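Just add 7 to wherever you are in the sequence shown, counting from 1, and you've got this note's numbering.
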Amino acid sequence: TMLAQNGFNEIKETSPWSLEKGKGYYFTRNNSTICAFLTGNKCGTMPVDHFKIVGCHTDSPVLKIAPRSKRSALGYNQINIMTYGGGLWRTWFDRDLSLAGKVIVKDADNQRLKAHYWNAGRPLMKVPSLAIHLDRSDEFKPNKEVHLKPVLATGVVDALFGEGVSAISDDTFQLEERHLNTLTSMIANDLQIQRENIVDFELNCYDSQPSCLVGMHEEF
8 TMLAQNGFNE IKETSPWSLE KGKGYYFTRN NSTICAFLTG NKCGTMPVDH
58 FKIVGCHTDS PVLKIAPRSK RSALGYNQIN IMTYGGGLWR TWFDRDLSLA
108 GKVIVKDADN QRLKAHYWNA GRPLMKVPSL AIHLDRSDEF KPNKEVHLKP
158 VLATGVVDAL FGEGVSAISD DTFQLEERHL NTLTSMIAND LQIQRENIVD
208 FELNCYDSQP SCLVGMHEEF
């Protein structure tokens with residue numbers, strides 16, 4: 008929308024391009040990548056055209072929801088996650104985490120898939136650290152495969168909302184076998200869709216506390 012408002016024209020990778028000099032163009036890929044460029048006012052003149060290409064990425068180390076995220080241990084319902092990038096994973100402990108990302112939904116006739124964007128917008132879970140009397144070591148070295156398991160709900164309270172963490176079956180493609188029902192129900196309710204129409208999703212964890220200026224003069 009911002010590009011279109013500033014005079015950029017959308018083009019498709021699957022169609023031939025007819026570019027004019029002095030114009031802006033953009034295309035998207037997989038609903039997750041956007042490429043925009045400007046053609047020079049002398050584009051098309053001799054000598055041979057030249058291009059200045061600048062590439063960047065705006066992603067960063069993050070915790071991603073695993074393809075099979077459902078997990079239950081010691082009376083708590085948790086989320087299996089995957090680490091993305093090279094992060095300081097110890098900084099994710101004891102934060103009020105939320106979820107946001109892309110949800111793939113099928114239509115009622117199972118003919119088409121559509122991407123929706125969802126943001127929980129509130130604290131949902133936390134990766135708790137141990138109390139001091141349970142871990143008196145001087146160094147904090149979490150195992151990202153074992154310790155980074157956010158707690159989403161207690162099993163007892165979650166069960167009151169229709170959650171039942173069953174044994175893993177052979178059908179790895181069923182949504183309820185891979186993710187907690189209460190989580191998918193929340194997503195469906197927010198997006199105003201049927202839960203059974205959710206095919207899959209790609210969700211990231213983020214700190215729900217807003218950023219702020221600190222320091223005596225708010226210089227940080």
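Heads up, the beta-carbon is just placed ideally off N, CA and C, and yes, glycines get one too. Predicted model only: the values in this text are computed from it and were never measured.
Nearest-angstrom Cβ-Cβ length linking residue i and residue j, presumed shorter than 8 Å
i, j, result
"Pro157", "Asp101", "Their Cβ separation, rounded to whole angstroms, is 11 Å, which puts Pro157 and Asp101 out of contact at 8 Å."
"Leu159", "Asn84", "5 Å"
"Ala127", "Ala107", "7 Å"
"Lys28", "Thr46", "5 Å"
"Phe34", "Glu17", "7 Å"
"Asp207", "Ile111", "5 Å"
"Ile88", "Leu187", "Not really, about 13 Å apart at Cβ, beyond 8 Å."
"Ser79", "Gly162", "6 Å"
"Glu209", "Lys109", "5 Å"
"Thr189", "Phe168", "5 Å"
"Trp125", "Ile194", "6 Å"
"Thr90", "Lys49", "Going by Cβ atoms, the distance from Thr90 to Lys49 rounds to 47 Å, so no, they are not a contact pair."
"Arg185", "Pro68", "Actually they are not in contact, since the Cβ atoms of Arg185 and Pro68 sit about 24 Å apart, beyond 8 Å."
With 16 other Cβ atoms within 10 Å as the buried cut-off, status of residue i
i, result
"Lys77", "buried"
"Ser176", "Confidence at Ser176 is low in this model, with a pLDDT of 49, below 50, so its placement is unreliable and no value can be given for it."
"Ile132", "According to the sequence as given, residue 132 is Met; it is not Ile. Under this definition Met132 is a buried residue."
"Ser218", "exposed"
"Glu20", "exposed"
"Ala174", "Any reading at Ala174 needs caution, since the residue's pLDDT is 45, under 50, leaving its predicted position unreliable; the model's value is listed next. Result: exposed."
"Leu104", "buried"
"Ile41", "exposed"
"Trp24", "exposed"
"Leu1", "Examination of residue 1 is not possible in this model, given that the chain is present from 8 through 227 alone."
"Ile60", "exposed"
"Asp66", "exposed"
"Asp114", "exposed"
"Asp165", "buried"
Residues sharing a beta bridge with residue i, DSSP
i, result
"Phe227", "DSSP lists no partner for Phe227."
"Thr40", "Arg36"
"Gly31", "Phe15, Leu45"
"Trp24", "In the DSSP output, where bridge partners are listed per residue, Trp24 has none listed."
"Arg78", "Gln85"
"Ile205", "Val112"
"Met132", "Leu104"
"Lys5", "Residue coverage of the chain in this structure runs from 8 to 227, which leaves residue 5 outside it and unanswerable."
"Asn126", "Ala107"
"Thr161", "Tyr83"
Test: residue i CB closer than 8 Å to a CB of chain D
i, result
"Glu146", "The structure shown contains no chain D; it holds only a single protein chain."
Practice task
For the region 143-152 and the region 112-132, state whether three or more C-beta atom pairs, one from each stretch, are separated by less than 8 Å.
Solution key: no
Practice task
Could you tell me which uninterrupted beta strand (DSSP E) segments, each at least 3 residues in length, are contained entirely in the region 86-122, listed from first to last along the chain?
Solution key: Fully enclosed beta strand (DSSP E) runs of 3 or longer: 104-113.
Problem - the region 91-98 contacting the region 188-207, beta-carbon criterion three pairs below 8 Å - result: no
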